[in-house]
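Quick notes on the structure that follows.
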Amino acid sequence: MHKLSGYFLATAVSFAALPLAADTKPAQPNDFIEVFAKLFGEHKGIRKGHAKGVCAVGDFTASAEATARFDAALFSGATLPVTYRFSMAGGNPNVPDYARAPRGLAAQFNLPDGSKHNIATLTTPVFGAKDPENFLGLLQASVPGADGKPDMAKVQAFRTAHPDTQPQAQWLAVNPPPWSYTTAEYFGIHTFYLADKSGENIKIRWHLQPKDGIKGLTDAEVVQQNANFLNDRLNQRLKDGMVEFDWIISLGEASDSENDPSVQWPARPTLNAGTLRIKASGDASCNNINFDPNVLSRGFTASDDPVLRMRSPAYAISFGKRLSGQ
Ligand code: HEM
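Counting from 1, position 233 in the sequence shown corresponds to residue 233 in full-length UniProt numbering; the numbering is continuous, with no gaps.
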């Protein structure tokens, strides 16, 4: 309870410091829950974002390089049990698996002292807006009118007036949807800080690289796939053994953005921080987890990216609603 109040407080403080245009009201966490309902309909008892997904279980072991370099509980070198969830973006639990939308991979690492560390990533290297206000504005512009269709001229006008809402859409337009949940890269997107052994906080971003390689659907496959092939393909793949992702950390430089998730960093020196393993899927282990990405273990610190800060209170509302059948 105390922790939750802390997230709300941090969010309020960060908004106080944000330079918003004079006519822009600070976005509130519940604004997102309301606009998701307008966009995707009301679906009681399930996630208001990334409504369609599947749980999986496995573990994580840090690399010797990460253990030697960083002072982080996650990178002790011990093998940690992990609960995963693969998902489709958006609040529609029936979205077809071939949709040109981001996929998500969330993971909750269970540390030996009982603490948790969460990540919740997307297949796009950037997010859909630089701050909560522009993300909310884009969603609101996309709400269908009386004819059941969004006004595309309105959406386009919003994107033109807010260029930070363009890079993710451009990325989705030119990159095919993943062939499988296991053949996509997943990006942390936000900037975090990671303590090294000398006590310095290193500016990082990271992505998960699939050992199965990156493979997208062909244009023909996009139209021929059934609507639920991702779960089938994951189950099938796991019959041949575990699925692995390398956790690739990029080491930031002074000029790299610390708080704008719509901007990708230039290529930077990287290191492989360890391997995430997925051993089985389809159980209920992730159903009652809130993969709040600000739940971090010792050694990691969140940046003041306003989108990252907004995620905690928005996820908490969604979590509370779905646990109580709303
Ligand atoms: C202001 C921006 C955002 C809002 C309002 C938002 C909102 C939400 C909500 C309400 C949920 C459902 C939470 C639950 O019921 O447990 C969710 C899930 C998720 N979001 Fe976001 N999100 C935002 C930004 C992001 C970003 C930047 C990423 C990736 C870097 C992301 C990745 C995910 C993933 C992977 C899930 C599914 C987690 C799971 O499987 O339980 N979201 N989001």
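Here a beta-carbon is modelled for each residue, glycine too, at the ideal position from N, C-alpha and C.
**Q.** Assumed close pair K47, R322 - CB separation to whole angstroms, cut-off 8 angstroms
**A.** Counting from one through the sequence shown, the residue named residue 47 turns up at place 47. Counting from one through the sequence shown, the residue named residue 322 turns up at place 322. Checking the sequence shown, residue 47 turns out to be Arg, not Lys. R47 to R322, Cβ: 6 angstroms. Contact.
(Q) Whole angstroms are fine: how far does the CA of Y193 sit from the CA of I202? (A) As a first step, residue 202 is located in the sequence shown; it is residue number 202 there, counting from the start. As a first step, residue 193 is located in the sequence shown; it is residue number 193 there, counting from the start. So the two alpha carbons sit approximately 5 angstroms from each other.
Q. If you measure from the CB of P261, is any heavy atom of the ligand HEM nearer than 8 angstroms?
A. The residue labelled residue 261 in the question sits at position 261 within the sequence shown. Indeed, a heavy atom of the ligand HEM lies less than 8 angstroms from the Cβ.
Q | Contact test: L122 Cβ vs the ligand HEM heavy atom, cutoff 8 angstroms | A | On the sequence shown, residue 122 is found 122 positions in, with the first residue counted as 1. Yes, the ligand HEM has a heavy atom inside 8 angstroms of this Cβ.
Q: Kindly list the residues whose CB is nearer than 7 angstroms to the CB of Q209, restricted to its own chain and excluding five residues on each side of it in sequence; keep chain order.
A: To locate residue 209, count along the sequence shown from 1; it is residue 209. Excluding sequence neighbours, Q209 sits near E185, F245, D246 and I248.
(Q) One question on the structure: do N118 and P81 come within less than 9 angstroms of each other, judged by their Cβ atoms? (A) On the sequence shown, residue 118 is found 118 positions in, with the first residue counted as 1. On the sequence shown, residue 81 is found 81 positions in, with the first residue counted as 1. It is not a contact, given that the beta carbons lie outside the stated cut-off.
Q. For A89, is the beta carbon positioned less than 8 angstroms from some heavy atom of the ligand HEM?
A. Position 89 of the sequence shown holds residue 89. Indeed, a heavy atom of the ligand HEM lies less than 8 angstroms from the Cβ.
Q: Please list, in chain order, all residues of the same chain as N94 whose beta carbon is under 8 angstroms from its beta carbon, the five residues on each side excluded.
A: By one-based count along the sequence shown, residue 94 stands at place 94. Excluding sequence neighbours, N94 sits near K52 and A227.
Q: Please report the residue range of the beta strand (DSSP E) in which S281 lies.
A: Numbered from its first residue, the sequence shown carries residue 281 at position 281. Start and end: T270 to S281.
Q.
So for T61, helix, strand or coil by DSSP?
A. Against the sequence shown, residue 61 aligns to sequence position 61. DSSP places T61 in strand when its eight states are reduced to three.
Q. For G325, which of helix, strand or coil comes out of DSSP?
A. Sequence index remark: in the sequence shown, residue 325 carries index 325 (1-based). Correct three-state label for G325: coil.
Q | For I33, the first and last residue of its enclosing alpha helix (DSSP H) | A | Counting from 1 along the sequence shown, the entry for residue 33 is found at position 33. In the DSSP assignment, I33 falls within the unbroken alpha helix (DSSP H) covering P29 to F40.
(Q) With a threshold of 8 angstroms (Cβ to nearest heavy atom), would M152 be considered close to the ligand HEM? (A) Position 152 of the sequence shown, counting from 1, holds the residue named residue 152. No, Cβ of M152 sits at least 8 angstroms from all heavy atoms of the ligand HEM.
Q. Would a C-beta distance cut-off of 9 angstroms place W265 and G252 closer than the cut-off?
A. Residue 265 sits at position 265 when you count from the first residue of the sequence shown. Residue 252 sits at position 252 when you count from the first residue of the sequence shown. Yes, Cβ-Cβ distance for W265 and G252 is below 9 angstroms.
Q: Check whether the segment 124 to 131 touches the segment 164 to 177, taking contact to mean three or more Cβ pairs, one atom from each stretch, closer than 8 angstroms.
A: The answer is yes - the segment 164 to 177 touches the segment 124 to 131, with three or more Cβ pairs under 8 angstroms.
Q. For T160, does the three-state DSSP call read helix, strand or coil?
A. Taking the first residue of the sequence shown as 1, we reach residue 160 at position 160. Residue state, collapsed to three classes: helix.
Q.
Between the alpha carbons of S312 and P293, how many angstroms are there, rounded?
A. For the purposes of this step, residue 312 is taken as the residue at position 312 of the sequence shown. For the purposes of this step, residue 293 is taken as the residue at position 293 of the sequence shown. Using only the alpha carbons, I get a separation of about 7 angstroms.
**Q.** Segment limits, beta strand (DSSP E) that includes N201
**A.** For the purposes of this step, residue 201 is taken as residue 201 along the sequence shown, with counting starting at 1. Run containing N201: N201 to P210, per the beta strand (DSSP E) assignment.
Q. Excluding five sequence neighbours on each side, which residues of the same chain lie with their C-beta closer than 7 angstroms to the C-beta of T182?
A. Start at 1 with the first residue of the sequence shown, and residue 182 comes out as number 182. Cβ within range, chain order: P210, D212, L234, R237 and V243.
Q: Below 8 angstroms CB to CB, which residues in the same chain sit around L139 once its five sequence neighbours on both sides are set aside?
A: Position 139 of the sequence shown, counting from 1, holds the residue named residue 139. Same-chain partners within the cutoff: F32, V35, F36 and L39.
Q | Supposed contact pair S87 and H50 - C-beta distance, whole angstroms, cut 8 angstroms | A | Sequence index remark: in the sequence shown, residue 50 carries index 50 (1-based). Sequence index remark: in the sequence shown, residue 87 carries index 87 (1-based). The pair is a contact, with the Cβ atoms about 4 angstroms apart (cut-off 8 angstroms).
Q) Is the distance from the Cβ of G325 to the Cβ of A72 below 9 angstroms? A) As a working note, residue 325 is residue 325 in the sequence shown. As a working note, residue 72 is residue 72 in the sequence shown. Not a contact, by the Cβ cut-off of 9 angstroms.
Q. Nearest-angstrom Cα distance between A107 and T191?
A. Here residue 107 is taken as the residue at index 107 of the sequence shown, counted from 1. Here residue 191 is taken as the residue at index 191 of the sequence shown, counted from 1. Answer to the nearest angstrom: the Cα atoms are 17 angstroms apart.
Q. Which value, in whole angstroms, describes the spacing of the CA atoms of N30 and G145?
A. Your numbering for residue 30 matches position 30 in the sequence shown. Your numbering for residue 145 matches position 145 in the sequence shown. Whole-angstrom Cα-Cα distance: 21 angstroms.
Q | R85 beta carbon near the ligand HEM (any heavy atom closer than 8 angstroms) | A | By one-based count along the sequence shown, residue 85 stands at place 85. Yes, Cβ of R85 sits closer than 8 angstroms to a heavy atom of the ligand HEM.
Q) Ends of the alpha helix (DSSP H) at W171? A) For the purposes of this step, residue 171 is taken as the residue at position 171 of the sequence shown. That run of the alpha helix (DSSP H) goes P167 to V174.
Q.
Assuming the contact rule is C-beta atoms closer than 8 angstroms, T79 and T61 should be a hit. Round their C-beta distance to whole Å, please.
A. To locate residue 79, count along the sequence shown from 1; it is residue 79. To locate residue 61, count along the sequence shown from 1; it is residue 61. Separation of the CB atoms of T79 and T61 is rounded to 5 angstroms, and the pair is thereby assigned contact status at 8 angstroms.
Q: Report whether the distance from the Cβ of G104 to the nearest heavy atom of the ligand HEM is below 8 angstroms.
A: Taking the sequence shown and counting its residues from 1, the one referred to as residue 104 is at position 104. Yes, the ligand HEM has a heavy atom inside 8 angstroms of this Cβ.
Q: Using three-state DSSP, classify A254 as helix, strand or coil.
A: Walking along the sequence shown from the start, residue 254 turns up at place 254. Coil at A254, not helix or strand.
Q.
Bridge partners for Y98 per DSSP, in chain order?
A. The sequence position of residue 98 within the sequence shown is 98, counting from 1. Bridge partners of Y98: none, in fact.
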